[in-house]
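What follows is a short report on a single structure.
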Amino acid sequence: MRRYKKEENILNEKQVPISSFLEAYNQNIPTGFPRASVAVLKKFQSTHPTLFKHGNMWSIDLHRKRIIDWLSVYRDIA
């Protein structure tokens, strides 16, 4: 159990490309929460450039909660 948790933490902290982030995000998001797409993630990235100090790399720990919050507002606007 402990080993699994450690591996999960490493995955969450890891900087990954947008395609990997999108897959992990949509797989693990609870039912009822808005799903993401590449277009939506790129819009988020252009709206929040200071969150991307590693270029076009994404992190579950850094971006997931912020995207959930942003999507709830963005979905209402779009």
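Anchor point for the sequence shown: position 10 equals 10 in the UniProt record's numbering, and the numbering is continuous, going up by one each time.
Ideal Cβ positions, reconstructed from N, Cα and C, are used throughout, including at glycine.
Among all the DSSP beta bridges, which residues are the ones paired with residue i?
i, result
"residue 79", "This structure cannot settle anything about residue 79, because the visible part of the chain is limited to 1 through 78."
Residue range of the alpha helix (DSSP H) that residue i falls in?
i, result
"LYS43", "38-47"
Who are the near neighbours of residue i in its chain, counting only those whose CB is closer than 8 angstroms to its CB and skipping five residues on each side?
i, result
"TYR74", "VAL40, LYS43 and PHE44"
Give me, in chain order, the residues of the same chain whose beta-carbon lies closer than 7 angstroms to that of residue i; leave out the 5 immediate sequence neighbours on both sides.
i, result
"LEU62", "LEU51"
"ILE18", "VAL38, LEU41, ASN56 and TRP58"
"ARG64", "TYR25"
Under the assumption that residue i contacts residue j (Cβ atoms under 8 angstroms), give the Cβ distance between them as a whole number of angstroms.
i, j, result
"ALA24", "ILE67", "Actually they do not touch by this definition, with Cβ atoms about 12 angstroms apart."
"HIS54", "GLN15", "5 angstroms"
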